[in-house]
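Notes for the one structure printed next.
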Amino acid sequence: MENLKVVQFDFGFECKPILAKEKVVKPTKKDKSDFVFDFMDCLSSPIIVFKSAWQDTIPKDILGRIKLSRIICSMTKEKMASLTETLAYIMPRTYEAPMQREWANIYTWLGLQYAMQNKSKDQLEAMIEIAPKELSDYEKGLLKNLRLWIYDKRRKALKDILKKNKVSKEDGILDIQEKLF
């Protein structure tokens with residue numbers, strides 16, 4: 027499909043013909059390795075959460091949906107953490123101390139998005155009552171910065187893990203795989 031040549035017929039309209047692309051861009055080795063790293067990032071990167079004594083209280087259903095939400099973000103070419111992942115990050119922080127109004131709005135809005143995405147009737151009814159329908163521009167900026175920060179920390183953590191676990195020369199398999207099985 028990449029090498030498709032286009033021919034334009036002349037139907038008597040006065041317009042310039044569309045030229046077929048002469049140069050076809052082929053994926054490079056770096057593009058392929060970026061794809062592999064992005065896929066590894068979605069499936070095996072650690073989940074970044076707020077450092078707190080409460081970080082073990084994040085519900086398992088939220089933690090279980092993070093990988094899928096990362097894949098969805100990757101497919102939509104978003105280079106930032108997913109909303110579910112951001113919700114999991116903020117959750118332990120909410121137990122520490124009261125938050126500013128902007129962060130409380132962001133947290134409840136994320137909860138509403140999670141409930142809508144997972145179609146949980148009980149959660150959705152509760153979240154509709156307390157969550158804002160839309161975030162302000164300032165709150166959207168705060169959320170975007172947090173999502174970018176989580177994404178960068180997550181990828182840096184994966185790179186550190188890959189550096190520590192070297193590839194064996196015999197079979198090309200990461201040493202960490204032996205520990206998993």
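Take 27 as the starting number for the sequence shown in my numbering and just add one per residue. All residues carry an ideal CB built from backbone N, CA and C; glycine is no exception.
_Beta carbon proximity, Ser100 to chain C, threshold 8 Å_ = Here there is only one protein chain, and chain C is not present.
_Cβ pair Gln81, Leu109 closer than 8 Å_ = no
*Could you please give the first and the last residue of the uninterrupted alpha helix (DSSP H) stretch that includes Ser146?*
Neither: Ser146 is in no alpha helix (DSSP H) and is coded neither H nor E.
*Nearest to Ile156 (by Cα), restricted to the options Gln143, Leu169, Lys147, Ala130*: Ala130
_Rounded distance between the beta-carbons of Ile176 and Thr211, thought under 8 Å_ = Residue coverage of the chain in this structure runs from 27 to 207, which leaves residue 211 outside it and unanswerable.
_Quick check on the burial criterion: 16 or more other C-beta atoms within 10 angstroms. Buried or exposed for Tyr133?_
buried
*Are Pro72 and Arg181 close, meaning C-beta to C-beta below 8 Å?*
no
*asked:* On the CB-based measure, 16 or more other CB atoms within 10 Å of its CB, does Val62 come out buried or exposed?
replied: exposed
*When you compare only the Cα positions, how much space is there between Leu94 and Cys68?*
8 Å
*Output the distance between the C-alpha atoms of Asp60 and Ala114, rounded to the nearest integer angstrom.*
26 Å
*Rounded to a whole number of angstroms, what is the C-alpha to C-alpha distance between Leu206 and Arg127?*
At Leu206, the pLDDT of 48 sits below 50, so the modelled position is not reliable; the number obtained from the coordinates is stated separately. Put simply, the backbone Cα of Leu206 is about 43 Å away from that of Arg127.
*Unbroken alpha helix (DSSP H) runs of length 4 or more, entirely within the region 114 to 194: which are they?*
127 to 144, 147 to 156, 163 to 190
*Go ahead and pull the three-state DSSP assignment for Lys105.*
coil
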